[in-house]
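J.: Count along the sequence shown from 1, then add 91; that gives the number in my numbering.
All C-beta atoms in this analysis are idealised placements derived from N, C-alpha and C, irrespective of residue type, glycine included.
Below: one structure in structure tokens.
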Amino acid sequence: MLSRLSLFAVFLIAEAADWHYTGEHGTSDWPHEYPDCGLVRQSPIDFPKTEDMTYDSKLTQFQFTGFDDLSRYSLVLHNNGHTAVIKVTGGDLFVEGGGLPGRFKTAQFHFHWGHSDNEGSEHTFDGHSFPLELHIVNYNEKYGSLADAASKDLDGLAVLGFWYEVSHNNNDDIAPLIEQLSHVPTKGSSVPLNGFNLAQLLPIHNIQSNSHFFRYPGSLTTPPCFQSVVWTMFQQTIPISSQQLSMFRALHEDQELQSDHFLVDNFRPIQPLNGRVIYRNFEVTAVGETQATQTTKPKRDMKINVRMHLV
Ligand SMILES: [Zn+2]
Numbered sequence: 092m093l094s095r096l097s098l099f100a101v102f103l104i105a106e107a108a109d110w111h112y113t114g115e116h117g118t119s120d121w122p123h124e125y126p127d128c129g130l131v132r133q134s135p136i137d138f139p140k141t142e143d144m145t146y147d148s149k150l151t152q153f154q155f156t157g158f159d160d161l162s163r164y165s166l167v168l169h170n171n172g173h174t175a176v177i178k179v180t181g182g183d184l185f186v187e188g189g190g191l192p193g194r195f196k197t198a199q200f201h202f203h204w205g206h207s208d209n210e211g212s213e214h215t216f217d218g219h220s221f222p223l224e225l226h227i228v229n230y231n232e233k234y235g236s237l238a239d240a241a242s243k244d245l246d247g248l249a250v251l252g253f254w255y256e257v258s259h260n261n262n263d264d265i266a267p268l269i270e271q272l273s274h275v276p277t278k279g280s281s282v283p284l285n286g287f288n289l290a291q292l293l294p295i296h297n298i299q300s301n302s303h304f305f306r307y308p309g310s311l312t313t314p315p316c317f318q319s320v321v322w323t324m325f326q327q328t329i330p331i332s333s334q335q336l337s338m339f340r341a342l343h344e345d346q347e348l349q350s351d352h353f354l355v356d357n358f359r360p361i362q363p364l365n366g367r368v369i370y371r372n373f374e375v376t377a378v379g380e381t382q383a384t385q386t387t388k389p390k391r392d393m394k395i396n397v398r399m400h401l402v
């Protein structure tokens, strides 16, 4: 019988695991085929109203190492049939702080999206869906590798999540990535992502200095659903135009360029909290202040020019 670790290793190497989001082997079948998918600390979840979360003063700001230095890393964009993933194939990128249990090494970035602008995010906020969600997957360096860390309960992985919101104009900061999506149209296709600055994808300077985020213990949102993830979702959203979103929906989930099997709706339904407490890293003393926080005008980071909105 395969151990959990070797099962995951097989999954990583062969990508042979037969799972989907709908139909046969869809999300409701996952717990039968991957038992951890039926446990009680699963992801994604619906975040409650800000005032219904619990303030935790130990959730300090994050520190990112290496993200804004192009010479320190190499990237590959890959269509694996389930998502578009940016793999860090060379270089050492690290995330620490933020109340994380240790230093975490960044392995990959990937996305979840819908068939329309009305849905697509995995996590929701007070019942509200977003059209796109970015996950930055980092593993606890004490475990040595992504495969080893992925099965370690509670502290193996730290995933940072960002919601996108539809904007009228294209987001120039992610345009170089969007353009490359056309080079990975089918499952299995890859392209080097040369000259792409990860600091443009995630607003590092804002995150390090003044970010509001939410924290809870959860799981991988795809089989084998290991409950090894320290989840962080950032309150500020990132803009993206409908036209840019449509480029994600032009990807195929199979190897046939002519097929109509487009890669869309690659998000898992929200999972029950089962008593989990959701934390936030900022205080709200009154409902009025909460409202003011959420409607504050977007901050502009002059250095990397990432435009952001608040949830
Ligand atoms: Zn994900």
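For residue 339, which residues from the same chain have a beta carbon less than 6 Å from its beta carbon, with the 5 sequence-adjacent residues on both sides left out?
T.: Only 204 meet the Cβ criterion.
J.: Taking the CB atoms as reference points, tell me whether residue 170 and residue 280 lie closer together than 7 Å.
T.: The answer is yes: Cβ separation under 7 Å.
J.: Thinking C-alpha only, which one of 194, 147, 139, 344 is nearest residue 236?
T.: Of the listed residues, the one whose Cα sits closest to residue 236 is 194.
J.: Specify, as a first and last residue, the run of the alpha helix (DSSP H) that residue 291 falls within.
T.: Its alpha helix (DSSP H) spans residues 289–292.
J.: Tell me, to the nearest whole angstrom, how far the beta carbon of residue 145 is from that of residue 368; I am working on the premise that it is less than 8 Å.
T.: Right, the Cβ-Cβ distance comes to about 5 Å (below 8 Å), so this counts as a contact.
J.: Taking buried to mean at least 16 other C-beta atoms within 10 Å of its own C-beta, is residue 127 buried or exposed?
T.: Buried.
J.: Just confirm the distance between the C-beta atoms of residue 138 and residue 216, as a whole number of angstroms; I'd bet it's less than 8 Å.
T.: The pair is a contact, with the Cβ atoms about 5 Å apart (cut-off 8 Å).
J.: Suppose contacts are defined by Cβ-Cβ distances below 7 Å. Is residue 225 in contact with residue 190 by that definition?
T.: Not a contact, by the Cβ cut-off of 7 Å.
J.: Quick one, are the C-beta atoms of residue 165 and residue 309 less than 7 Å apart?
T.: No. Outside cutoff.
J.: Taking DSSP's pairing of strands, which residues face residue 306 in a bridge?
T.: For residue 306, which the question treats as bridged, DSSP gives the partners 323, 370.
J.: Could you tell me the alpha carbon to alpha carbon distance between residue 267 and residue 330, rounded to whole angstroms?
T.: Residue 267 and residue 330: Cα-Cα distance of roughly 15 Å.
J.: Please go through the same chain and pick out, in chain order, the residues whose beta-carbon is closer than 6 Å to the beta-carbon of residue 210, but skip the five residues on each side of it.
T.: Closer than 6 Å at Cβ, skipping near neighbours: 220.
J.: Have a look at 303, 337, 347 and flag the residue whose alpha-carbon is nearest the alpha-carbon of residue 208.
T.: Residue 208 has its Cα closest to that of 337, out of 303, 337, 347.
J.: Less than 6 Å separating the Cβ of residue 32 from some heavy atom of ligand 1?
T.: Residue 32 cannot be examined here, being either before or after the span of the chain that is shown, 92 to 402.
J.: With a cut-off of 8 Å on the beta carbons, I'd call residue 45 and residue 117 a contact; round off their distance for me.
T.: A query on residue 45 cannot be resolved here, the shown segment of the chain reaching from 92 to 402 and no further.
J.: Quick check on the burial criterion: 16 or more other C-beta atoms within 10 angstroms. Buried or exposed for residue 349?
T.: The residue is exposed, with fewer than 16 neighbouring Cβ atoms inside 10 Å.
J.: Taking the alpha carbon of residue 234 as the reference point, which residue from 161, 242, 152 has its own alpha carbon closest?
T.: Ranking 161, 242, 152 by Cα distance to residue 234 puts 242 first.
J.: Measure the C-alpha to C-alpha separation of residue 294 and residue 206 and round it to an integer number of angstroms.
T.: If I take the Cα positions, the gap works out to 26 Å.
J.: Report yes if the C-beta of residue 226 is less than 6 Å from at least one heavy atom of ligand 1; otherwise report no.
T.: Residue 226 Cβ: within cutoff of ligand 1.
J.: Can you look up residue 199 in the DSSP assignment and give me helix, strand or coil?
T.: Of the three classes helix, strand and coil, the one that applies to residue 199 here is strand, per DSSP.
J.: DSSP on residue 297, reduced to helix/strand/coil?
T.: In this structure, residue 297 counts as helix in the three-state DSSP scheme.
J.: Under DSSP, the alpha helix (DSSP H) around residue 158 begins and ends at which residues?
T.: It is not in any alpha helix (DSSP H) - residue 158 carries neither H nor E in the DSSP assignment.
J.: With distance defined between alpha-carbon atoms, name the residue in 136, 115, 315, 119 nearest to residue 363.
T.: Among 136, 115, 315, 119, the Cα nearest to that of residue 363 belongs to 136.
J.: What residue range is occupied by the uninterrupted alpha helix (DSSP H) comprising residue 341?
T.: Segment: none, residue 341 is in no alpha helix (DSSP H) and carries neither H nor E.
J.: Roughly how many angstroms lie between the CA atoms of residue 147 and residue 198, to the nearest whole one?
T.: Rounded to whole angstroms, residue 147 to residue 198 spans 27 Å at the Cα level.
J.: Considering only the alpha carbon of each residue, which of 161, 212, 158, 157 lies closest to residue 174?
T.: The shortest C-alpha separation from residue 174 is found at 212.
J.: Go through its chain and collect everything with a Cβ distance to residue 227's Cβ below 6 Å, but skip five positions before and after it.
T.: Hits under 6 Å: 200, 251.
J.: So is residue 183 buried or exposed if we call it buried at 16+ other beta carbons inside 10 Å?
T.: Counting Cβ neighbours within 10 Å, residue 183 comes out exposed, since fewer than 16 surround it.
J.: Along the chain, where does the alpha helix (DSSP H) containing residue 121 start, and where does it finish?
T.: 121–124 is the span of the alpha helix (DSSP H), which, as asked, contains residue 121.
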